[in-house]
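Student:
Protein chains: 8
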Amino acid sequence: MPLVGVIMGSKSDWEYMKEAVDVLKSFGVSYEVKVVSAHRTPEFMVEYAKTARSRGIEVIIAGAGGAAHLPGMTASLTTLPVIGVPIPSKNLNGLDSLLSIVQMPYGVPVATVAIGGAKNAALLAIRILSIKYKDLEEKLNKFMEDMKNDVLSTSLQA
Amino acid sequence: MPLVGVIMGSKSDWEYMKEAVDVLKSFGVSYEVKVVSAHRTPEFMVEYAKTARSRGIEVIIAGAGGAAHLPGMTASLTTLPVIGVPIPSKNLNGLDSLLSIVQMPYGVPVATVAIGGAKNAALLAIRILSIKYKDLEEKLNKFMEDMKNDVLSTSLQA
Amino acid sequence: MPLVGVIMGSKSDWEYMKEAVDVLKSFGVSYEVKVVSAHRTPEFMVEYAKTARSRGIEVIIAGAGGAAHLPGMTASLTTLPVIGVPIPSKNLNGLDSLLSIVQMPYGVPVATVAIGGAKNAALLAIRILSIKYKDLEEKLNKFMEDMKNDVLSTSLQA
Amino acid sequence: MPLVGVIMGSKSDWEYMKEAVDVLKSFGVSYEVKVVSAHRTPEFMVEYAKTARSRGIEVIIAGAGGAAHLPGMTASLTTLPVIGVPIPSKNLNGLDSLLSIVQMPYGVPVATVAIGGAKNAALLAIRILSIKYKDLEEKLNKFMEDMKNDVLSTSLQA
Amino acid sequence: MPLVGVIMGSKSDWEYMKEAVDVLKSFGVSYEVKVVSAHRTPEFMVEYAKTARSRGIEVIIAGAGGAAHLPGMTASLTTLPVIGVPIPSKNLNGLDSLLSIVQMPYGVPVATVAIGGAKNAALLAIRILSIKYKDLEEKLNKFMEDMKNDVLSTSLQA
Amino acid sequence: MPLVGVIMGSKSDWEYMKEAVDVLKSFGVSYEVKVVSAHRTPEFMVEYAKTARSRGIEVIIAGAGGAAHLPGMTASLTTLPVIGVPIPSKNLNGLDSLLSIVQMPYGVPVATVAIGGAKNAALLAIRILSIKYKDLEEKLNKFMEDMKNDVLSTSLQA
Amino acid sequence: MPLVGVIMGSKSDWEYMKEAVDVLKSFGVSYEVKVVSAHRTPEFMVEYAKTARSRGIEVIIAGAGGAAHLPGMTASLTTLPVIGVPIPSKNLNGLDSLLSIVQMPYGVPVATVAIGGAKNAALLAIRILSIKYKDLEEKLNKFMEDMKNDVLSTSLQA
Amino acid sequence: MPLVGVIMGSKSDWEYMKEAVDVLKSFGVSYEVKVVSAHRTPEFMVEYAKTARSRGIEVIIAGAGGAAHLPGMTASLTTLPVIGVPIPSKNLNGLDSLLSIVQMPYGVPVATVAIGGAKNAALLAIRILSIKYKDLEEKLNKFMEDMKNDVLSTSLQA
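Chains A, B, C, D, E, F, G and H, in that order, give the protein sequences. To convert, note that position 48 of the first sequence is 48 in the UniProt record's numbering; the numbers rise steadily by one, no gaps. To convert, note that position 111 of the second sequence is 111 in the UniProt record's numbering; the numbers rise steadily by one, no gaps. To convert, note that position 71 of the third sequence is 71 in the UniProt record's numbering; the numbers rise steadily by one, no gaps. To convert, note that position 158 of the fourth sequence is 158 in the UniProt record's numbering; the numbers rise steadily by one, no gaps. To convert, note that position 135 of the fifth sequence is 135 in the UniProt record's numbering; the numbers rise steadily by one, no gaps. To convert, note that position 40 of the sixth sequence is 40 in the UniProt record's numbering; the numbers rise steadily by one, no gaps. To convert, note that position 64 of the seventh sequence is 64 in the UniProt record's numbering; the numbers rise steadily by one, no gaps. To convert, note that position 89 of the eighth sequence is 89 in the UniProt record's numbering; the numbers rise steadily by one, no gaps.
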């Protein structure tokens, strides 16, 4: 039974969202992946979001671009934490996606990450899960230690 | 049986949206008005949009601000023309509302008007209806003639 | 006699606007296509817009880029619904086109779609026509059903 | 017979545009002032612009806000130099006005000044006229000398 | 022992951040509140963030404006989920705050909410905690039910 | 003796500015071309601008990018009309160039054209000169007639 | 003999720039204050900048708004470090000022601070001077210690 | 013992920052270069910044992109002048980097240069050092003289 639901508005978003899946895999976190379009499959979206919690999902990661309604609509249909990934859009480079996702009104928050930040969405999901699953805290500690060492060992050809 | 459904995401949008209603009234076009929140009443929104056409509605005007999902979501649940009114938002003055409404992906268009352009949304609805109801064409002609004469009779204290 | 007039400010816009024509064709909606430049052929634009309704046109789709005046000027010369397509511009990626089209003053609305959203402009025209031509409602239902099924059958290589 | 035509899209623009008139007056340059709306009186605009040169006008100053089409459309209907004044708009503070005026395509230039820069529009008109009317060159020299002295005599209470 | 740490870069942010505290109180979630400035007390920030987890904090809400570094820096010093609240800034209305908070690089995510969205930050913290504390899920259900009923009972004076 | 001075801040701007020269040539208008950098040759700029009028120059076209100070500084040193061309910049696509040129304070106007609009700068110079040199009015009439016919004869492969 | 030259493009900038002077005073750093307009007194600006170093000035702080050319032009006329303060502008809130000041081309840097950041401009001048005048390093240490203590002693009425 | 510390948030910034190093080399200014990540090595950043002054560093140049916290955080941990270089970011072209660096609150200034302006950061560092090291003033004079001559000798193929 997966802990994280990774959804996206279009198959073309997969290019970005698969990076989230790669991070989840590397931390050993179970997940499911689906295309769920707010605009083309609104009723499937309602069903997906409303049943997610009872199916065992604990965090939803939703990626969408342009007039990006999937993360906010999903958050309106569940009480789970929903992480929104603004997918870079063709003409406005994701500024429209970012504002459509982050500027949610009172009552329905979306945890928004950077434009194209699917990997960080996964890391945020893992941080959230880590308050419940202690092994993830340790894996996060190691991940941050590795990042640190990676930087400290960098040499530049000055 | 109303021809135009005027909906908005929040009671606070009424300040703007009532201007649309005033225009509809002045053209003698029947309408209904409702608060339908994409985020707080998503299932009511689904029901409203899916039944609108069968209830006789021919055009929907939807106003929303910030991460403004109501117009696009409504458009995804009906085949009627949906007009989106970007409500001015507190910090970004409606630029977020505009992008959230207008940047819809292929398949689900929203006829977007100016930020705060509720009156023009009503006029657009009337133009749409005028292709079917010939009396509206005449009223529009008169409206545009009146506007023209209003401008031509303006005097400036230079 | 065509129902939809598809016009654009420059031959170079045809790259985008032909997508609108493709959608109209696929729905069996009659149309005409013309280059009508607000700035280079202002008087032809006046004539085109003023006679459109009497020639049987019921919706006009107008694409333009940069200081995009064609949609708004056309709307000022007819009572038909006018749909504006902001063409992506070289340096500002169509943000200038979008604002020039959507921010119309009271009295003359333009139904604006996304930057580069010519296909959605056609779908919006079809939604508008569907309030009068019932076969289009059915075609739209089928179109949306097809879109839905297309999404539902998507598989991702996770 | 006035040398400068000062036009504006709406009576509400007069608040800004009267500053242009004040500058023209102070330089003793003849002018006429009119509300000419691109959207509400498109045919009057065509007539105004097409006859301006033959009536003796040598520079046109056109102010407009939002989807500001008046300067560019006027420029498309005359060979006179047209100066565009972006009027501050309610929600976007004139950024829409600026882009709608300045981003003109090849063939039809508009000499754009700052948002709300009506006074500078008048000064630009006077600079243009000064290549033909030598007394204006002298008045401009004096104007710039006065500005300089005004700055040099400023004292600050530090 | 508080579950949520609410921190902010400046005492002037308290005007916004107290709304987060009000929401936490209404859900009966324990919290602590502190001014922790990334720029004026960087070492205290390091200490606060590094010890938060061991002191029992499970979610951190960090508000900051302008070049808003507190949420991201805090996230770099803990493995807890950190929620960032972009505080509206004087000249850029919080667009700078938003970009400074949300555009985090790979490795260190911040769960960003809307500009001025302190209340939603609290709700997001509660959603996160609800995956571990089941009573919060029920309270969230009730909260969303109340919001829905609030909208459905709205009447407009049309 | 040239009538138009074409200057630019950097040799790299020549790629854009040569288009202005091509237009001037095609209208038979005499010109001179120089690299005059506000930042690297400020004193040469002062000398160039202050002597331009006495050397017979009647219009100056100045192109610059980024923090584009050349057009405004030149205008502060002459009473001639100065046309500013915002050169597209590497990271902000000329939005910085545009604002640096157009947002001049009261007293010193710059006639700003579109980002990258060197050709229109030349046409604007010609319109300005046409109030004094009647042959240019005729050439402009022909130019606009040619543009019109070019559009009217366009055929699209619909 | 003053160490810091504080200049501004207009008397109206003094409202902001006096805050820089207050900070310089509180650190006991000598200064001079002048209105030096790039556009209205370009030759005085040249003289001021070219003689600053020989008169003993070691840092120049220049404030300007809109098409803000003073900081960059001053930097082009001296080898001293020049700090630019973007003054908030009426319609674009200083975004134009910021880009006009910071986006300088290779060769002539301006040390830009925040929009309206006159106080920080003074602090930056003091940091620069502190590499030469050791008493300023101590005063800066005390200033930062005081800021820290001010934050640490803040209490919130939660 | 180096006078200038050149640091950057990521190895990928080196592509830009090496240009700063090249300029420092050409002026014979000693420097050190390091990757110091605010987010991945926050404690190393604290140590680096706090010890820089005592190790003889007199100016720090810090480059970072996106939510660019390195320059501001470094400035909060030292009294040295810190120069910030906004690195162009993938989706927002460095506008996020610029705002994250320049919009610092009162108390902690960062001397910000243009997006991608690493070379100017080095020149600014040299201007700062020149108030103490007189040979650098002479080298700057020569540098500016060379730039001037380079422009004056440019020829264009008009």
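Backbone N, C-alpha and C fix where the C-beta goes; we use that ideal spot for every residue, glycine too.
(1) Whole beta strand (DSSP E) runs in the UniProt domain "PurE" (2-151) of chain F with 3 or more residues, listed along the chain?
(2) My assumption, with CB atoms under 8 Å, is that Ala49 (chain H) sits in contact with Thr78 (chain H). Please give the rounded CB distance.
(3) Check whether the Cβ of Val35 (chain B) lies closer than 8 Å to any Cβ atom in chain A.
(4) Would you kindly work out how many angstroms separate the C-alpha atoms of Lys132 (chain B) and Lys132 (chain C), rounded to a whole number?
(5) If you check the beta carbons only, do Met17 (chain A) and Ala118 (chain A) fall under 8 Å apart?
(6) Going by the CB atoms, is the gap between Met45 (chain G) and Gly72 (chain G) shorter than 8 Å?
(7) Quick check on Ser10 (chain D): buried or exposed, where buried means 16 or more other Cβ atoms within 10 Å of its Cβ?
(8) To the nearest angstrom, report how far apart Leu22 (chain E) and Lys90 (chain D) are at their CA atoms.
(9) Between Ala64 (chain D) and Thr112 (chain D), what straight-line distance do the alpha-carbon atoms span, to the nearest angstrom?
(10) If you drop the 5 nearest sequence neighbours on each side, which residues of the same chain put their C-beta closer than 7 Å to that of Arg127 (chain E)?
(11) Does any CB atom of chain G fall closer than 8 Å to the CB of Glu137 (chain H)?
(12) With distance defined between alpha-carbon atoms, name the residue in F:Leu92, F:Ile87 and F:Ile7 nearest to Leu156 (chain H).
(13) If the cut is a Cβ gap below 9 Å, which residues of chain D does Lys90 (chain G) touch?
(14) Quick check: the Cα distance between Thr74 (chain F) and Val82 (chain F), rounded to an integer number of angstroms?
(15) Is the CB-CB distance between His39 (chain E) and Val108 (chain H) below 8 Å?
(16) Just the Cα atoms here: how many angstroms apart are Ser100 (chain F) and Leu99 (chain D)?
(17) May I have the straight-line CA-CA distance separating Asn93 (chain F) from Pro86 (chain F), to the nearest angstrom?
(18) Mind checking whether Ala125 (chain G) and Ile61 (chain G) have CB atoms under 8 Å apart?
(19) Under 7 Å between beta-carbons, which chain A residues line up against Ser130 (chain E)? List them in chain order, please.
(20) Hey, how far is the Cα of Gly84 (chain H) from the Cα of Asp96 (chain A)?
(21) At a CB-CB cut-off below 8 Å, which residues of chain G make contact with Arg55 (chain E)?
(22) I want to see whether chain C comes within less than 8 Å of Thr112 (chain A), judged by CB atoms only; does it?
(23) Ala129 (chain E) and Val33 (chain E): beta carbons closer than 8 Å?
(24) In chain C, which residues lie less than 7 Å from Val151 (chain F) when you measure between Cβ atoms?
(25) With a threshold of 16 other CB atoms inside 10 Å of the CB of Thr41 (chain E), please say whether the residue is buried or exposed.
(26) Using 10 angstroms around the beta-carbon of Asp13 (chain H), count the other beta-carbons present and answer buried if the total reaches 16, otherwise exposed.
(27) Against chain H, with Cβ distances strictly below 8 Å, would Met104 (chain E) count as a contact?
(28) Which bits of chain A does Met147 (chain C) rub up against, with CB to CB less than 7 Å?
(29) Apart from the five residues on each side of it in sequence, which residues of its chain come closer than 7 Å, Cβ to Cβ, to Ala52 (chain A)?
(30) If I measure Cβ to Cβ from Pro88 (chain D) and keep anything under 8 Å in the same chain, skipping five residues before and after, which residues do I get?
(31) Is it right to say Asn149 (chain F) is buried, meaning 16 or more other beta carbons lie within 10 angstroms of its own, or is it exposed?
(32) Step through the CB atoms of chain C and report whether any lies within less than 8 Å of the CB of Gly72 (chain D).
(33) Mind pulling the chain I residues with CB within less than 9 Å of Phe27 (chain F)?
(34) Closest Cβ-Cβ distance between Thr51 (chain A) and chain H: below 8 Å?
(35) So, is the C-beta of Gly107 (chain G) closer than 8 Å to a C-beta in chain D?
Tutor: Taking the structure as given:
(1) Positions of the beta strand (DSSP E) runs, each at least 3 residues long and wholly inside the UniProt domain "PurE" (2-151) of chain F, are given as 4-8, 31-35, 59-65 and 82-87 in order along the chain.
(2) The residue given as residue 49 (chain H) occupies position 49 in the eighth sequence. The residue given as residue 78 (chain H) occupies position 78 in the eighth sequence. Indeed they touch by this definition, with Cβ atoms about 5 Å apart.
(3) Counting from one through the second sequence, the residue named residue 35 (chain B) turns up at place 35. Output row for Val35 (chain B): interface = no.
(4) For the purposes of this step, residue 132 (chain B) is identified with residue 132 of the second sequence, where counting begins at 1. For the purposes of this step, residue 132 (chain C) is identified with residue 132 of the third sequence, where counting begins at 1. When the Cα atoms are used, Lys132 (chain B) and Lys132 (chain C) turn out to be separated by approximately 6 Å.
(5) As a first step, residue 17 (chain A) is located in the first sequence; it is residue number 17 there, counting from the start. As a first step, residue 118 (chain A) is located in the first sequence; it is residue number 118 there, counting from the start. Their beta carbons are under 8 Å apart, which means Met17 (chain A) touches Ala118 (chain A) by this criterion.
(6) As a position in the seventh sequence, residue 72 (chain G) is number 72, starting the count at 1. As a position in the seventh sequence, residue 45 (chain G) is number 45, starting the count at 1. With contacts defined as CB atoms closer than 8 Å, Gly72 (chain G) and Met45 (chain G) fail to qualify as a contacting pair.
(7) Taking the fourth sequence and counting its residues from 1, one reaches residue 10 (chain D) at position 10. So Ser10 (chain D) counts as buried.
(8) Indexing the fifth sequence from 1 puts residue 22 (chain E) at position 22. Indexing the fourth sequence from 1 puts residue 90 (chain D) at position 90. The amino acid at residue 22 (chain E) is misidentified as Leu; the sequence shows Asp. The alpha-carbon atoms of Asp22 (chain E) and Lys90 (chain D) are separated by roughly 34 Å.
(9) The residue you call residue 64 (chain D) lines up with position 64 of the fourth sequence. The residue you call residue 112 (chain D) lines up with position 112 of the fourth sequence. So the alpha carbons of these two residues sit roughly 11 Å apart.
(10) On the fifth sequence, position 127 is the one that residue 127 (chain E) refers to. So the list reads Leu140, once near-sequence residues are dropped.
(11) Numbered from 1 along the eighth sequence, position 137 holds the residue referred to as residue 137 (chain H). At least one chain G Cβ lies under 8 Å of Glu137 (chain H).
(12) In the eighth sequence, the residue the question calls residue 156 (chain H) occupies position 156. Comparing Cα positions, the closest option is F:Ile7.
(13) As a working mapping, residue 90 (chain G) is identified with position 90 in the seventh sequence. Near Lys90 (chain G) (Cβ distances below 9 Å), the residues of chain D are Pro88, Asn93, Ile115 and Gly116.
(14) Position 74 of the sixth sequence, counting from 1, holds the residue named residue 74 (chain F). Position 82 of the sixth sequence, counting from 1, holds the residue named residue 82 (chain F). If I take the Cα positions, the gap works out to 7 Å.
(15) Locating residue 39 (chain E) in the fifth sequence gives position 39, counting from the first residue. Locating residue 108 (chain H) in the eighth sequence gives position 108, counting from the first residue. A contact, by the Cβ cut-off of 8 Å.
(16) Reading the sixth sequence from its first residue, position 100 is the one you call residue 100 (chain F). Reading the fourth sequence from its first residue, position 99 is the one you call residue 99 (chain D). The straight-line gap from Cα to Cα measures roughly 14 Å.
(17) On the sixth sequence, residue 93 (chain F) is found 93 positions in, with the first residue counted as 1. On the sixth sequence, residue 86 (chain F) is found 86 positions in, with the first residue counted as 1. Approximately 10 Å between the Cα atoms of the pair.
(18) In the seventh sequence, the residue the question calls residue 125 (chain G) occupies position 125. In the seventh sequence, the residue the question calls residue 61 (chain G) occupies position 61. Yes, the pair counts as a contact, with Cβ atoms nearer than the cut-off.
(19) Your numbering for residue 130 (chain E) matches position 130 in the fifth sequence. Neighbours of Ser130 (chain E) on chain A, chain order: Thr79.
(20) Start at 1 with the first residue of the eighth sequence, and residue 84 (chain H) comes out as number 84. Start at 1 with the first residue of the first sequence, and residue 96 (chain A) comes out as number 96. Roughly 28 Å between the two C-alpha positions.
(21) Within the fifth sequence, the letter at position 55 stands for residue 55 (chain E). Neighbours of Arg55 (chain E) across chain G, judged by C-beta separation under 8 Å, do not exist; the nearest C-beta is about 17 Å away.
(22) Your numbering for residue 112 (chain A) matches position 112 in the first sequence. Thr112 (chain A) does not count as touching chain C.
(23) Against the fifth sequence, residue 129 (chain E) aligns to sequence position 129. Against the fifth sequence, residue 33 (chain E) aligns to sequence position 33. A small correction: the amino acid at residue 129 (chain E) is Leu; Ala does not occupy that position in the sequence shown. No, Cβ-Cβ distance for Leu129 (chain E) and Val33 (chain E) is not below 8 Å.
(24) Within the sixth sequence, the letter at position 151 stands for residue 151 (chain F). The contacting residues are Val35, Ser37, Arg40 and Thr41.
(25) By 1-based counting over the fifth sequence, the position of residue 41 (chain E) is 41. Buried, because 16 or more other Cβ atoms sit within 10 Å of the Cβ of Thr41 (chain E).
(26) As a working note, residue 13 (chain H) is residue 13 in the eighth sequence. Answer is buried; the Cβ neighbour count reaches 16.
(27) Translated into the one-based positions of the fifth sequence, residue 104 (chain E) becomes position 104. Judged by the 8 Å Cβ criterion, Met104 (chain E) is in contact with chain H.
(28) Translated into positions along the third sequence, residue 147 (chain C) becomes position 147. Going along chain A in sequence order, the residues near Met147 (chain C) (Cβ under 7 Å) are Arg40.
(29) For the purposes of this step, residue 52 (chain A) is taken as residue 52 along the first sequence, with counting starting at 1. Contacts found: Gly5, Ile60, Thr78 and Leu80.
(30) Within the fourth sequence, numbered from 1, the residue matching residue 88 (chain D) stands at position 88. The residues are Tyr16, Gly65, Gly94, Ser97, Ile115 and Gly116.
(31) For the purposes of this step, residue 149 (chain F) is taken as the residue at position 149 of the sixth sequence. So Asn149 (chain F) ends up on the exposed side.
(32) Position 72 of the fourth sequence, counted from the start, is the residue given in the question as residue 72 (chain D). Yes, because at least one Cβ of chain C sits closer than 8 Å to the Cβ of Gly72 (chain D).
(33) Within the model displayed, chain I is absent; protein chains A, B, C, D, E, F, G and H are what it includes.
(34) As a position in the first sequence, residue 51 (chain A) is number 51, starting the count at 1. Chain H contact via Cβ: absent.
(35) Locating residue 107 (chain G) in the seventh sequence gives position 107, where the first residue counts as 1. Output row for Gly107 (chain G): interface = no.
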